[in-house]
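Shown next, in structure tokens, is the structure this report addresses.
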Amino acid sequence: MLIGPLPAASNRATWIENFEFRDQTDDSLIDFSVAEEITLTIRDPNTKAELIRLTKTGGGITTPAAGVISARAEVGTMQGLDPKTYEITMEVLDEGDTVQMMLGTLPVLGW
Numbered sequence: 001m002l003i004g005p006l007p008a009a010s011n012r013a014t015w016i017e018n019f020e021f022r023d024q025t026d027d028s029l030i031d032f033s034v035a036e037e038i039t040l041t042i043r044d045p046n047t048k049a050e051l052i053r054l055t056k057t058g059g060g061i062t063t064p065a066a067g068v069i070s071a072r073a074e075v076g077t078m079q080g081l082d083p084k085t086y087e088i089t090m091e092v093l094d095e096g097d098t099v100q101m102m103l104g105t106l107p108v109l110g111w
């Protein structure tokens, strides 16, 4: 699981971030192409309100290569975020099991 802060994003631009995941036992890249769903959620740190939800089935999450999960939020979506640091999580649903892959923070800059 990835834990920690992500690089800063702007609320005036499309946000694109690639995440690489490796198996802890043999360091091989994890194949996410067969995952039923991948969900990335951005929440307000104070209210815990869900502000952005990107999903594989919704097109905001893709798996462009083995071990890589790519997230994309369009500028119109990012404009809904005030400049501050948000909580961010990612879960993968595969064969009926949900696994948390990331828990961190996303600083958003802008005006």
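So for the sequence shown, the numbering used here puts the first residue at 1; every next one is plus one. By construction, the Cβ of each residue, glycine as well, lies at the ideal position given by its N, Cα and C atoms.
Closest residue to residue i among the options (Cα-Cα distance)
| i | options | result |
| --- | --- | --- |
| A13 | E74, T25, D97 and L81 | E74 |
| F21 | A65, P83, T47 and L106 | A65 |
| K56 | E36, V68, K48 and T47 | E36 |
| D97 | I38, D82 and G104 | I38 |
| M90 | T77, G80 and R53 | R53 |
DSSP state of residue i mapped onto helix, strand, coil
| i | result |
| --- | --- |
| M1 | coil |
| T57 | coil |
| V92 | strand |
Same chain, Cβ closer than 7 Å to residue i, five either side skipped, listed in chain order
| i | result |
| --- | --- |
| E17 | L6 and A71 |
| T63 | F32, S33 and I69 |
| G104 | L2, I3, G4, P5, L6 and I88 |
| L81 | N11, L51 and V108 |
Whole-angstrom distance between residue j and residue i, CA atom to CA atom
| i | j | result |
| --- | --- | --- |
| P107 | A8 | 5 Å |
Close beta carbons around residue i, own chain, < 6 Å, minus the five adjacent residues each side
| i | result |
| --- | --- |
| L109 | A8, S10 and P83 |
| V92 | A35, I38, V99 and M101 |
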